[in-house]
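Protein chains: 2
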Amino acid sequence: MAAPANTLGIIAGGGELPLALARAARADGRTVFVLALDGMASAADVAAFPHAFASLGELGKALKLLKEAGCVEVTLAGKVARPEFSKLKVDAKGAWALPKIVAAALKGDDALLRSLVGIFEKEGLRVVGSKDAAAGLVAPFGPLGAVKSSPEHEADIRQAVKVALTMGDLDIGQAAVVCEGLVLAVEAAEGTDAMLQRVAGLPAALRGTSENRKGVLVKAAKPNQERRVDLPVVGIRTVELAAAAGLAGIAVEGGAGLIVNRARVAEEADRRGLFVIGFAPQDYARD
Amino acid sequence: MAAPANTLGIIAGGGELPLALARAARADGRTVFVLALDGMASAADVAAFPHAFASLGELGKALKLLKEAGCVEVTLAGKVARPEFSKLKVDAKGAWALPKIVAAALKGDDALLRSLVGIFEKEGLRVVGSKDAAAGLVAPFGPLGAVKSSPEHEADIRQAVKVALTMGDLDIGQAAVVCEGLVLAVEAAEGTDAMLQRVAGLPAALRGTSENRKGVLVKAAKPNQERRVDLPVVGIRTVELAAAAGLAGIAVEGGAGLIVNRARVAEEADRRGLFVIGFAPQDYARD
Chain A
1 MAAPANTLGI IAGGGELPLA LARAARADGR TVFVLALDGM ASAADVAAFP HAFASLGELG
61 KALKLLKEAG CVEVTLAGKV ARPEFSKLKV DAKGAWALPK IVAAALKGDD ALLRSLVGIF
121 EKEGLRVVGS KDAAAGLVAP FGPLGAVKSS PEHEADIRQA VKVALTMGDL DIGQAAVVCE
181 GLVLAVEAAE GTDAMLQRVA GLPAALRGTS ENRKGVLVKA AKPNQERRVD LPVVGIRTVE
241 LAAAAGLAGI AVEGGAGLIV NRARVAEEAD RRGLFVIGFA PQDYARD
Chain B
288 MAAPANTLGI IAGGGELPLA LARAARADGR TVFVLALDGM ASAADVAAFP HAFASLGELG
348 KALKLLKEAG CVEVTLAGKV ARPEFSKLKV DAKGAWALPK IVAAALKGDD ALLRSLVGIF
408 EKEGLRVVGS KDAAAGLVAP FGPLGAVKSS PEHEADIRQA VKVALTMGDL DIGQAAVVCE
468 GLVLAVEAAE GTDAMLQRVA GLPAALRGTS ENRKGVLVKA AKPNQERRVD LPVVGIRTVE
528 LAAAAGLAGI AVEGGAGLIV NRARVAEEAD RRGLFVIGFA PQDYARD
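Going down the list, the protein sequences come from chains A and B. Under our numbering, the first sequence has 76 at position 76, and the numbering climbs by one with no breaks. Under our numbering, the second sequence has 482 at position 195, and the numbering climbs by one with no breaks.
This is the structure:
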């Protein structure tokens, strides 16, 4: 069976992003092939697309599957939990690459992802970012829904951008929550969803409520990160959890962050009274 | 009844620190008076000392009680949750000070605490740090117990110190957890205990276990903070939670951080196989 020559290979971790990418690329008229990572992508989720499963250590198998599917371009998307390297199922090629990957992992998330990108490129695959794979997912600049931010919110956004970019410089995380000048939470290994749930659990005096929304979530790309992988993502769940934490809104880096299900995100934010905006980092000069 | 003239007034929030301070000052031969903050200090805890309760907004009552008890020096100690200012019980003097305090609170924790210190000093009380009130609580330099840190731990400490001091510069928090080069968590409004509980909930691949301890908790004073209040504290609970999170040890800023129940902290850390050390920030130059 001859596979189409411009198939987009989507190496899929968990969450909504890989599927949104697959749908968007297909809507653009591309053939897609989803290489689902064991334990991260769910079988039900990838069933709608040509797909196969491989473990993070089965590099040989992954490359073979991608090439058989006619993939020249691949993109990495979705949440990938750091594996317990000692328990990983590996094939021969995976075993060869693993020491490099482990060494890179010790330097941080960004080094780990750069190392993975390098390995795929060495095998003749072109690694493209979500932006190139599906331009419609990229966060725009300005408001997404009908709710607008106030000058008080802008002050919190300014501070949260500064905090998030500082975290990013240190390769710690991409998100922060600030409410009336107080940094309520910064994201590290736990991820944005867990961070927002933590904010919802803080004393009511520190944060807003659904009746009186206060504070913002900011998500920004790490200043020096590999821009083809691991960009900040906002989805419906982000809006739901931000709402539950009493926040007034969400600001994501325009032109870099990704919004999954843009129309529904805007709708949900409007319904709950939150703003969602794309911000330009250059508007928030750091001192 | 004539009160002794050199009574130490301890304005007590929650946690073990105020009581440890009271015990240590008494052991040094000083008379103490505990002004317990409503809703933060518990009645059972302060029962062993001459004490009275006041709300955070009852500044007039607090000053009167402290002066009647013969306090010339006061120290602020313990965890103080930011009050819901709109629901605070206030007296006349509290009402006068409140706008300043609220304005300072909007600038961050450090500004809030500096404002409180300023108010007490304007009333003729001398505000001293825990260090002056009870030198025995100050973290020493070097190891506390029998367990030593390895070169791998030292690398994690180095990184966590950098992260914690960066967080401190931004007035975000005083603590960070790093495991094999990966920043697992940084502390903001949730506090150290909640941060450690979060680390215990991370995937096992990211962290250590009680069989194979990895990673460190670092607690450092904020570089420019008011050094008489809100210093980083390590106690038995810190050791227990760090142990439950699979960490290899705890490093606290020597000469600045406070250790409550030093002997029992060392004992508990030894029993669970964790190191506890006091580090010198100048040994960890930041780039």
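Just so you know, even glycine gets a beta-carbon here, dropped at the ideal spot from N, CA and C. Quick caveat: nothing in here was measured; it's all calculated off a predicted structure.
Within chain B, the residues that residue i reaches when beta carbons sit closer than 8 Å
i         : result
GLY78(A)  : By Cβ distance, chain B contributes nothing, its closest Cβ being about 16 Å from GLY78(A), past 8 Å.
LEU202(A) : ALA476, GLU477
ARG198(A) : GLU477, ALA481, ARG485
Contacts of residue i in chain A (Cβ-Cβ under 8 Å)
i         : result
GLU231(B) : Residue 231(B) cannot be examined here, being either before or after the span of chain B that is shown, 288 to 574.
ILE459(B) : VAL163, VAL183, VAL186
THR453(B) : THR166, LEU170
Residue burial classification, residue i (beta-carbon count within 10 angstroms, cutoff 16)
i         : result
THR247(B) : Outside the displayed span of chain B (288 to 574) sits residue 247(B), for which this structure offers no information.
GLU540(B) : buried
ALA556(B) : buried
ALA27(A)  : exposed
PRO337(B) : exposed
LEU274(A) : buried
GLY316(B) : exposed
GLU477(B) : buried
GLU84(A)  : exposed
PRO386(B) : exposed
GLY142(A) : exposed
MET288(B) : Note on MET288(B): pLDDT 48, under 50, position unreliable in the model; the coordinate value appears next. Result: exposed.
GLY411(B) : exposed
ALA43(A)  : exposed
LEU106(A) : exposed
ASP283(A) : exposed
LYS509(B) : buried
GLU226(A) : buried
SER150(A) : exposed
SER373(B) : exposed
ALA243(A) : buried
GLY488(B) : exposed
ARG264(A) : exposed
ALA420(B) : buried
ALA433(B) : exposed
Close beta carbons around residue i, own chain, < 6 Å, minus the five adjacent residues each side
i         : result
LEU431(B) : ALA553, VAL563
VAL128(A) : GLU73, THR75
ALA323(B) : ALA299, VAL333, HIS338, PHE340
ASP91(A)  : GLU58, GLY60, LYS61
PRO18(A)  : ILE10, ALA12, ALA77, GLY78
ALA481(B) : none
ARG558(B) : none
ILE459(B) : ALA475
ILE119(A) : ALA97
GLU303(B) : GLY522, VAL547
Contacts that residue i makes with chain B (C-beta to C-beta distance below 7 Å)
i         : result
LEU206(A) : ARG369, ALA476
THR7(A)   : Correct list: empty, because the minimum Cβ distance to chain B is about 32 Å.
Cβ neighbours of residue i in the same chain (closer than 7 Å, five flanking residues each side left out)
i         : result
ALA111(A) : ALA104
PHE566(B) : ILE444, VAL448, ALA538, GLU540, GLY541
ALA507(B) : VAL448, ALA451, LEU452, GLY455, GLN461, PRO519, GLU540, PRO568
ALA22(A)  : ILE10, VAL32, VAL34, PHE49
GLY423(B) : ALA311
Amino acids of chain B, ordered along the chain, whose beta-carbon sits closer than 9 Å to that of residue i
i         : result
PRO99(A)  : Within 9 Å Cβ-Cβ: nothing; PRO99(A) doesn't reach chain B, min ~15 Å.
ARG271(A) : Going along chain B, no residue has its Cβ under 9 Å from ARG271(A), so there is no contact; the nearest lies around 28 Å.
LEU116(A) : Going along chain B, no residue has its Cβ under 9 Å from LEU116(A), so there is no contact; the nearest lies around 16 Å.
For residue i: DSSP bridge partner residues
i         : result
GLN77(A)  : It should be pointed out that residue 77(A) corresponds to Ala in this sequence rather than to Gln. Per DSSP, ALA12(A).
GLY347(B) : For GLY347(B), which the question treats as bridged, DSSP gives no partner whatsoever.
ALA312(B) : Paired residues: none, contrary to the question.
ALA312(A) : No information on residue 312(A) is available, as it lies outside the stretch 1 to 287 that chain A covers here.
Close beta carbons around residue i, own chain, < 8 Å, minus the five adjacent residues each side
i         : result
ALA155(A) : GLY181
LEU493(B) : CYS466, LEU469, LEU471
LYS435(B) : PHE562
MET327(B) : ALA299, GLY300, GLY301, GLY365, LYS366, VAL367, ALA368
VAL404(B) : LEU363, VAL414, GLU513, ARG515, VAL516
GLY544(B) : VAL425, ALA426, LYS506, ALA507, ALA508, LEU518, PRO519, VAL520, VAL521, GLY565
Under 9 Å by beta carbon: chain A residues contacting residue i
i         : result
THR496(B) : Per Cβ cutoff of 9 Å: no residues; THR496(B) is ~11 Å from chain A at best.
Enumerate, from N- to C-terminal direction, the unbroken alpha helix (DSSP H) stretches of 4 or more residues contained entirely within the region 81-114 of chain A.
92-105
Could I get the ranges of all uninterrupted beta strand (DSSP E) runs contained in the region 522-571 of chain B, with 3 residues as the minimum, in chain order?
536-540, 562-566
Report the residue ranges of all beta strand (DSSP E) runs contained in full by the region 159-237 of chain A; include only those spanning at least 3 residues, in chain order.
Within the region 159-237 of chain A, the complete beta strand (DSSP E) runs of at least 3 residues fall at 175-179, 182-186, 216-219.
Report the start-end ranges of each alpha helix (DSSP H) in the region 315-339 of chain B that is 4 residues or longer and not cut off at the edges.
330-333
Which whole runs of the alpha helix (DSSP H) in the region 406-447 of chain B are 4 residues long or more, in chain order?
417-420
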